[in-house]
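Trainee:
Numbering (our numbering), first residue to last: 21 to 189.
#1: Just to confirm the assignment, what range does the alpha helix (DSSP H) spanning residue 41 have?
#2: Can we say the segment 24 to 33 touches the segment 72 to 83, given the rule of at least three CB pairs closer than 8 angstroms?
#3: Between the alpha carbons of residue 100 and residue 106, how many angstroms are there, rounded?
#4: Going by beta carbon distance, what residues of the same chain come within less than 8 angstroms of residue 138, once the five residues before and after it are set aside?
#5: Opposite residue 73 in the DSSP bridges: which residues?
#6: Tell me which residues share the same chain as residue 156 and place their Cβ nearer than 7 angstroms to its Cβ, disregarding the 5 neighbours each side in the sequence.
#7: In the DSSP assignment, what are the bridge partners of residue 23?
#8: Which residue's Cα is closest to the Cα of residue 117: 146, 72 and 94?
Here it is as structure tokens:
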């Protein structure tokens with residue numbers, strides 16, 4: 021694999037929408053019902069203006085440049101200005117291979133560069149173990165409604181500690 025982590029672009033919107041849809045439908049369906057995943061990731065990919073979203077949050081994508089099309093987006097995440105992680109998705113064939121950790125490290129570096137004190141996420145059941153492995157702690161379980169379906173997710177936070185300049189060699 022030749023993975024490249026880079027800032028997301030408005031032109032990535034269609035690939036991001038497809039990755040979001042497919043990941044929810046194929047991975048999150050292990051923890052949520054068919055009705056829930058259909059509400060979460062509707063058949064109509066234009067339910068959300070992904071290009072516009074990229075203008076209001078910091079988006080990073082992971083590309084696998086070893087694939088035949090040389091720029092397959094296999095992961096993405098979004099960081100809002102207040103430290104909220106809105107989306108964090110990896111392609112079904114790139115789960116548990118370190119890609120999520122690479123994306124997360126880039127996101128945390130950006131958060132530190134922006135002098136954020138903490139990160140927050142409303143994690144799905146599926147993603148909770150990943151965020152715990154990244155150092156997040158659960159504040160509470162909650163039930164949210166999306167397009168008429170109720171979902172359990174978890175409010176999680178991670179305090180960020182900048183590396184003191186005196187310890188950088």
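Virtual Cβ for every residue (Gly too), placed ideally from N, Cα, C. Since the model is a prediction, treat every value here as computed from it, not as a measurement.
Mentor: The answer reads as follows:
#1: Mapped onto the chain shown, residue 41 falls at position 21. 33 to 46 is the span of the alpha helix (DSSP H), which, as asked, contains residue 41.
#2: Because the criterion of three Cβ pairs below 8 angstroms is met, the segment 24 to 33 and the segment 72 to 83 touch.
#3: Reading the chain shown from its first residue, position 80 is the one you call residue 100. Reading the chain shown from its first residue, position 86 is the one you call residue 106. If I take the Cα positions, the gap works out to 7 angstroms.
#4: The residue labelled residue 138 in the question sits at position 118 within the chain shown. Residues of the same chain with a CB within less than 8 angstroms of the CB of residue 138, apart from the 5 flanking positions on each side, are 103, 177, 178, 179 and 180 in chain order.
#5: Within the chain shown, residue 73 is the residue found at index 53, counting from 1. Residue pairing of residue 73 in beta bridges, as defined by DSSP: absent, with no partner found.
#6: Your numbering for residue 156 matches position 136 in the chain shown. 141, 176, 177 and 178.
#7: The sequence position of residue 23 within the chain shown is 3, counting from 1. According to DSSP, residue 23 bridges with 84.
#8: As a working mapping, residue 117 is identified with position 97 in the chain shown. Comparing Cα positions, the closest option is 94.
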